[in-house]
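Beneath this line is the structure, given in C-alpha cells, with notes to follow.
Number of protein chains: 4
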Amino acid sequence: MIHAGIIGATGYTGVELLRILSGHPGVRVDVVTSDSEAGKPVADIFPSLRGVTDLVLTRHDDEAIRDCEVVFFATPNATAMHRAPELLSVGIRIIDLSADFRLKDAATWSHWYGEPHACPELLEQAVYGLPEINRSLIREASLVANPGCYPTSVILGLLPALLHGLIDSTGIIADAKSGVSGAGRKAALATQFSEAGESFSAYAVAGHRHHPEIFQALKSVHEGMEDFTFVPHLVPMVRGIHATLYARVSGDETVQTCYENHYADEPFVDVLPAGSHPDTKSVRGSNTCRIAVHQPENGRRLIVLSVIDNLVKGAAGQAVQNMNIMHGLAETTGLTRIALSP
Amino acid sequence: MIHAGIIGATGYTGVELLRILSGHPGVRVDVVTSDSEAGKPVADIFPSLRGVTDLVLTRHDDEAIRDCEVVFFATPNATAMHRAPELLSVGIRIIDLSADFRLKDAATWSHWYGEPHACPELLEQAVYGLPEINRSLIREASLVANPGCYPTSVILGLLPALLHGLIDSTGIIADAKSGVSGAGRKAALATQFSEAGESFSAYAVAGHRHHPEIFQALKSVHEGMEDFTFVPHLVPMVRGIHATLYARVSGDETVQTCYENHYADEPFVDVLPAGSHPDTKSVRGSNTCRIAVHQPENGRRLIVLSVIDNLVKGAAGQAVQNMNIMHGLAETTGLTRIALSP
Amino acid sequence: MIHAGIIGATGYTGVELLRILSGHPGVRVDVVTSDSEAGKPVADIFPSLRGVTDLVLTRHDDEAIRDCEVVFFATPNATAMHRAPELLSVGIRIIDLSADFRLKDAATWSHWYGEPHACPELLEQAVYGLPEINRSLIREASLVANPGCYPTSVILGLLPALLHGLIDSTGIIADAKSGVSGAGRKAALATQFSEAGESFSAYAVAGHRHHPEIFQALKSVHEGMEDFTFVPHLVPMVRGIHATLYARVSGDETVQTCYENHYADEPFVDVLPAGSHPDTKSVRGSNTCRIAVHQPENGRRLIVLSVIDNLVKGAAGQAVQNMNIMHGLAETTGLTRIALSP
Amino acid sequence: MIHAGIIGATGYTGVELLRILSGHPGVRVDVVTSDSEAGKPVADIFPSLRGVTDLVLTRHDDEAIRDCEVVFFATPNATAMHRAPELLSVGIRIIDLSADFRLKDAATWSHWYGEPHACPELLEQAVYGLPEINRSLIREASLVANPGCYPTSVILGLLPALLHGLIDSTGIIADAKSGVSGAGRKAALATQFSEAGESFSAYAVAGHRHHPEIFQALKSVHEGMEDFTFVPHLVPMVRGIHATLYARVSGDETVQTCYENHYADEPFVDVLPAGSHPDTKSVRGSNTCRIAVHQPENGRRLIVLSVIDNLVKGAAGQAVQNMNIMHGLAETTGLTRIALSP
C-alpha cells in the first residue's frame, strides 16, 4: 500500500484526486492539506466525499507529509517549487499538478508565470508526465510535472502525425475549448454562472501559458516544429476539453491507420473509426482521450478532434496514471471508471 | 424628457435599467455612478451597450445627481438609506431597487439586514412599489421601494386568491426557484459556473430576507395571514423565477375566473388558460408575469404557478414601470419588449 | 458469477446499467437487447462504453435471455408485462425498471398508463424494490418492481417522519424537480436543448403517474396517509432530482435525531447535519440519497430536502442494489462509486 | 405600412421574425402559415407572443399571401423554391431564410441538398442578402436569399481582410461554434438536452452545407480564394455563434485599422478595440455582429473572432434588415433592441 499525501486538497484537482484514489486498491491517502481550511474534515467541504473518507485537512507544513512515499501537489502555480527540494531531499516522490516544473527553461517559465523560478536546478530532472511520450522516464522519476489540461488534449492529438512525419511541422493550429472547471475552484467574476452561462468566447488569444508547454513537448517530438498557434475558448459546461487541430498532410500514409497503430497499446487513448466526432460527454469522469482524424475530400487538410475530461486525463487521472507507473503498478489501476453519460 | 440617474450602475440591475431605458422615449439617463469603476465608459464594462450609450461612470457623490428628477438606486443593500434623505430633501424622487425601504418596521429590517437602519423615519412614507397593489400610492410617492424578485412573483401569484377570500390565509407555502443572476454580479464561490451548473439545491431554508417582505405585503392584503413558508432554490440558468404556490381553497368561487377577472386590466400580468404550465423562458427579458392556477381533481388544494424575469419584472422593469406611474406616463412606455424565446 | 440480461439496453437506464455492472465483480452481462438497434455493438451507440464491452445488441426475443439468472427490463412502460410471465415460468428473476409492476391495483395502473394490464395476477407478488422499506421481501422476490425516480426521492425523504409518527399524514406536499434525463432517451420537442435549456417550468400538475406510486408506498407505511400533493418540475440540467417536502410536525420528537437514527445503518442514505442544503451534484453518478431536515424557527413546519441521481438511485443503481440483495451479495457491491463533483 | 406574410411561422426563425416585426413601426404581418398547426393562434404555440399578436396560423396555400407585399419564407430547405415563382409572378418580393436560393450553381445546390433544384432559372437573379456586401443589389431585389447563420459570422469576419488584400486567400480556416437553436425547432435525438447539454463536439467535419455558401461569397470578394476549411461545433447554449478565423497576413497594413475603417459606417458590425474577446452574450437578441482581430506577437498569424446571434443577425434580424433596405426604410428600423445580457 502506497502512502500518499495531497498538498492543496480543496481545489477541483484535489477533490478529483480523492475521488479517484478512494477507489484505488494500492494507495492510502494519509495526509490532505489546505492552509485556508485546516482543521476541517475534507468531506465538510466536498459533500460528495461524505462516507468515503474521514480525512481532516491539516496545514501545508504538516510533518506527516514527510512520512508519505508520494506527494501530489494540487496547489496553485508557484507553490510546489518552494516545497519540492525539501521533500525530494528526504526521498519523497513528487507529482506536481501545477505548472511549476513543466517548462525546461527557467526564463521562459518566469516570463509566463510572472516571477523568478524558485528552484531552476530541478527543471532539468523533472519529467513531463505524459505517459504516452515519457513512460519509461516517468518510471524512474522523482519529480513528475503533470501536464496541463489543454496540452494533454493537443499533444495526444498531434503526436502520431508529427512523430511519423505525416504533417508539416509549421503552421499547426490548435483551436481548443474547455469547460469552466478548468479555471479552478475560486471566486472570480468571469467564471460566474451568470457570466459564463449561455455564452461562448475565446480568451487569452494574445498568448496563453499552455502555448509554451505544448510547443516544448511537440518540439521534443519533432525538432522542426514552429509557428504554432493556440487559441483557448470557454464553453458553458463544467467538465471537458475539445481540441480541434489543423495541420497539412505532407506524406501519403493513411492518417487513420497511423493513429490506430500508434495508439493500439495505449490504455487511455481511443482512436475512433473514420468519420467520427467524439464528444466530451463520452469521456466525462474517465481517464480516456478519444481522438478522431478527418481529411475532408481526401485533401491535404488534416483535422484532428481530441477530447478529454480536463480534471481526469487533464489533471488528477493522469497524475494517478503517473503514480501507477512510478510505483510499478498496472497502469490502469484505479482508473477503470467509465465515463458518466449522459 | 425625464432626467434620470442611476446610482450603482455596474450590477445586473444597473445594466438592465440601461438596457430598458435606452429604448424608453420619455427618459434621458444623465448620470450613472459606480465608486469602483468611476471614469470608465459604462459600455467598456458591458459590451452589450456599445453603440448605445456614451455614458461614463462617475462616483456616487457626483454632483450631477442633484440635477436629476428621478434617481434609481441599483446598489447593494444598506447603501440607499444613507443617501436618500439628502436627495429627497432637494425634491428628487427615488426608486430604490435594493431592500432598504421595503420593510415598514425598522427592527425587523435590522434583524434581517444585520445593522441599524440609517433613516427609520422614512420607512413609513416609502411606498412598496408593486403597481398591482399600490398603483395610486406610487403615483404620488417620493420614495418607492422596488420589490424583491421573489416577492414580486409570490405576491402576484397569491394576491387574487387572498384578496377575494378564496383560500385559507394560514399554512400557505411558496416553493420558489431562481436563476443565478438573482445573486448579483459579484465573484462568489457558490455561484461559480462549476458550482451552480448542472446542479440544483435549496438555500436559506432556515430563513430568507424575502420572507418578511412577502409576509408584510400579503398581510396588508389579508390581515389573517400567518404561518407562511418560503423556500428558495437555485436553478442552473441565468434569468427567471418560478414560484410554485400551495394553498387550500376555502370557498366555492372558481379560482381561474377570479384570477382572470382580477388581472384583466393589468398590462403586465397574464393569466394563462386553465391547465397551463408557464415557463420562465416565455417571460425572459420582458416585464410580464405569467400565472397559471390548478386544482388537481377539483379538490381543495390550490397550486399557483407564477413566473417572471427576475431582472425585469423582478427588478429593473418594475422600477421603470414605477417611474412611468410616478411621472404620469403610460405605464407600458418603454416596456413593450417581447420575451426572448427560445 | 451471476448471468444477467438487459432487455431494452439503448435508453439511459440501459446504458447506466451497463456502466454500473461493468464494474461489478459478481455479474456478467450476457445479453443486451434492442429491437430497433439489433446487430449493432452497444458501444457504437454509447461511445462511453468503447473498450469496456464487446456486447452486440440482439432482438428482444433472443433465446439467450432464457439462460440468464436475472433479467433487467429497461424498456418503456407496458413492455415488461408482456414478457414477464414467460421468463418467470422458467425461473428467471426479473428486475423491472419500468412502471409495469409498481402499482398493486390493476385498475389504477390502467387509469394512469392508458391500457389494460397484461398480467394483473402478478401485481400482488411483485415486490416494490425500495430496499429501505422492503429489504427482506426483495431478498426472496422473483419479480422486483424497481421504483420510479421521483418516488425514490420522495419516499426516502418522508419515510422516517411518517413511520415514527412525527408528522400529520394529511396535507403533505412534495415539490419535486428533475433533470431532463428523467424523460428518457428519445427525440421529443419539449426536451430539446433549445426548449428546456435556460428555462424552468412545472408540468403535469393536474396529475402525474408517480403520484399513485408514491401514495401507495407511503400509505403502506402509514395507513392514515391522504390528501397528498405532488408537483414535478423540469430543471435545465441532465441528471439529478431534488425533492422539497412539506409536512406539519405533530409530535415533540427531534426530527433530526429520528432521521439520523432511522438511516444509521442504510448504506445509501446519508442524513446531513442540521442546517444543510444537499445539492444534486453531490450525488451525481452515485447511488446515494442525501437528506436534510429543517424546522424553521423550531416551528411546526417540517421541510425535508432529498436529492438523488435519477439514473442511479432513481433507476439503474437501485436495480443493482436490488440484484445484490436478491442474490445474497453485499448490498454495496459494484455501487461504491463516488459522485462526480464538480 | 408594409404588408408582410410569413410562410412557416412555427420554427425558431418564424417566431423570431414575429418578435422583431411586432416592434417594427413600418410593417404589419397579415398572414402567418403552418401546414401542421393551421387553425391555431400563433400565441398558443409561442406563449412569449401572448398579448402581442392575435394572428391565427393558416395553411401555406392561404390566398391571403397574395395580398402581401413581402413574404418571408421561414420554412425548411426545399420548400420556398416550389412556391417562389408563383409569388414573384404576381409582384410579391421574397426574402427566403432557407437555403434554396443561396447558391448560384444548381448542380452544387443539388449535391448538398440532395434533390434537384425546382427553379434553377431563379438562382441568378436571387440576391445574396448580406447587406455588408450587397446592399445596393438588395435594394432592387425581388428575391433575396437570406444568408445562413455560420456564413454571416464567417464572411463578416473575413471580409475586410480579403477585400483589402491583407491576407493570403488560400488555407483560411473557420472554426465555428453554434448554439443549439441553429438546429431548428424539431424533435431530434442529437439536440436533446440530455445529449447536447454539458457536452461539446464537432460535427459534419467531412463537409457541411455552409461550406459552399461561404466559399461562394468569399470567392466573389476575392477570386483567388481556395482551399478553405470550415468546421462547425455544437455548444451547450441556446443562442449564439462564435467563429474563430485563421489566416495568414500577407501585407503590412494594420489589420485593426483596416477593420475599423471598413465597418465604420455599418450599423450592425462593431469592431472591438485591439485585444478584445467578444462573447456571444453581448449580441444575444440583437442584430449586431461583434468582431475582434488579433495578431499574436505581431506575427503573420491573423486570428479573427466574430460573434452573432444565430437567430437574429444570422436569420430573422438580417431578414428584416434586408426588408428595410428593399422598402427604402432606414436600415435599423425595428432592429435597435439591445442584447440581453446577462
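Same order as they appear, the protein sequences are chains A, B, C and D.
In short: position in the first sequence from 1, add 41, done, that's the numbering used here.
In short: position in the second sequence from 1, add 41, done, that's the numbering used here.
In short: position in the third sequence from 1, add 41, done, that's the numbering used here.
In short: position in the fourth sequence from 1, add 41, done, that's the numbering used here.
Beta carbons are placed, not taken as given, at the ideal position from N, Cα and C, and that holds for glycine.
{"Asked": "Name the residue from A:Glu156, A:Ser347 and A:Ala284 whose alpha carbon lies nearest to the alpha carbon of A:Leu313.", "Found": "A:Ser347"}
{"Asked": "Output, in sequence order along the chain, the residues in the region 82 to 93 of chain D whose CB is closer than 8 Å to any CB in chain B.", "Found": "Phe87, Pro88, Ser89, Leu90, Arg91, Gly92 and Val93"}
{"Asked": "Rounded to whole angstroms, how far is the Cβ of D:Val324 from the Cβ of D:Ala380, which I believe are closer than 8 Å?", "Found": "5 Å"}
{"Asked": "Pick out whichever of A:Ala243, A:Glu301, A:Ala115 and A:Asn328 has its Cα sitting closest to the Cα of A:Ala202.", "Found": "A:Glu301"}
{"Asked": "Run through chain C and tell me which residues come within less than 7 Å of D:Arg325, C-beta to C-beta.", "Found": "Result: empty, since nearest Cβ-Cβ is about 10 Å, beyond 7 Å."}
{"Asked": "Is the CB of D:Thr51 under 8 Å away from at least one CB in chain B?", "Found": "no"}
{"Asked": "Identify the contact partners of B:Val221 in chain A, using a Cβ-Cβ distance below 9 Å as the criterion.", "Found": "Gln233, Phe234, Ser235 and Gly238"}
{"Asked": "For a cutoff of 8 Å on Cβ pairs, would you count B:Gly80 as touching chain C?", "Found": "no"}
{"Asked": "Using a Cβ cut-off of 8 Å (strictly closer), state whether B:Leu230 contacts chain A.", "Found": "yes"}
{"Asked": "Give the DSSP-derived three-state secondary structure of B:Arg250 in the structure shown.", "Found": "coil"}
{"Asked": "Grouping DSSP H, G and I as helix and E and B as strand, with all else coil, what is B:Cys299?", "Found": "helix"}
{"Asked": "Taking beta-carbon pairs under 8 Å, can you tell me which members of the region 271 to 285 of chain C lie near chain D?", "Found": "Pro277, Met278 and Val279"}
{"Asked": "If I follow the unbroken alpha helix (DSSP H) through D:Gly358, where does it start and stop?", "Found": "Gly358 to Met367"}
{"Asked": "Say whether chain D places a C-beta atom closer than 8 Å to the C-beta of C:Arg226.", "Found": "yes"}
{"Asked": "Within its chain, find whatever has a CB closer than 7 Å to the CB of A:Gln297; leave out the 5 residues flanking it on each side and keep chain order.", "Found": "Ala315 and Val334"}
{"Asked": "Based on the DSSP output, what are the partners of D:Ile208 in its beta bridges?", "Found": "D:Val290"}
{"Asked": "Pick helix, strand or coil for A:Val279, following the three-state DSSP scheme.", "Found": "coil"}
{"Asked": "With a cut-off of 8 Å, do at least 3 Cβ pairs link the region 152 to 164 of chain B to the region 211 to 226 of chain B?", "Found": "no"}
{"Asked": "Might you give, ordered along the chain, the residues of its own chain that have their beta carbon closer than 8 Å to the beta carbon of D:Glu236, omitting 5 neighbours on each side?", "Found": "Leu230"}
{"Asked": "Comparing C-alpha positions only, which one of D:Arg226, D:Phe256 and D:Phe271 sits nearest to D:Pro248?", "Found": "The amino acid occupying residue 248 of chain D in the given sequence is Gly; Pro does not appear at that position. Measuring from the Cα of D:Gly248, the nearest candidate turns out to be D:Phe271."}
{"Asked": "Using only the alpha-carbon positions, how far apart do C:Pro273 and C:Ile282 sit?", "Found": "10 Å"}
{"Asked": "What in chain A is Cβ-close to C:Gly316, meaning under 8 Å?", "Found": "Near C:Gly316 there are no residues of chain A at all, since even the closest Cβ is about 12 Å away, more than 8 Å."}
{"Asked": "So, is the C-beta of B:Ile255 closer than 8 Å to a C-beta in chain C?", "Found": "no"}
{"Asked": "Alpha helix (DSSP H) containing C:Ser219: first to last residue?", "Found": "Not the alpha helix (DSSP H): C:Ser219 falls in the beta strand (DSSP E), residues Ile214 to Ser219."}
{"Asked": "Starting from B:Asp85, follow the alpha helix (DSSP H) in both directions and report where the run begins and ends.", "Found": "Val83 to Ile86"}
{"Asked": "Taking 8 Å as the CB-CB limit, is A:Ser347 close to chain C?", "Found": "no"}
{"Asked": "Could you check if B:Thr373 is buried or exposed, using at least 16 other CB atoms within 10 Å of its CB as the buried criterion?", "Found": "exposed"}
{"Asked": "Please go through the same chain and pick out, in chain order, the residues whose beta-carbon is closer than 8 Å to the beta-carbon of B:Asp71, but skip the five residues on each side of it.", "Found": "His44, Ala45, Gly46, Ala105, Asp108 and Cys109"}
{"Asked": "Any beta-carbon of chain B closer than 8 Å to the one on C:His335?", "Found": "yes"}
{"Asked": "Name the one or two DSSP bridge partners that B:Val324 has.", "Found": "For B:Val324, which the question treats as bridged, DSSP gives no partner whatsoever."}
{"Asked": "Rounded to a whole number of angstroms, what is the C-alpha to C-alpha distance between A:Tyr244 and A:Val221?", "Found": "12 Å"}
{"Asked": "Which bits of chain D does A:Tyr244 rub up against, with CB to CB less than 7 Å?", "Found": "His318"}
{"Asked": "Taking DSSP as the reference, what is the three-state secondary structure of A:Val73?", "Found": "strand"}
{"Asked": "Beta-carbon of B:Asp71 versus every beta-carbon of chain C: anything under 8 Å?", "Found": "no"}
{"Asked": "List, from N- to C-terminal side, the beta strand (DSSP E) runs of 3 residues or more that fit wholly inside the region 129 to 193 of chain C.", "Found": "134 to 137 and 184 to 186"}
{"Asked": "By the criterion of Cβ-Cβ separation under 7 Å, what are the contact partners of C:Asp146 in chain B?", "Found": "The contacting residues do not exist; C:Asp146 stays about 17 Å from chain B at best."}
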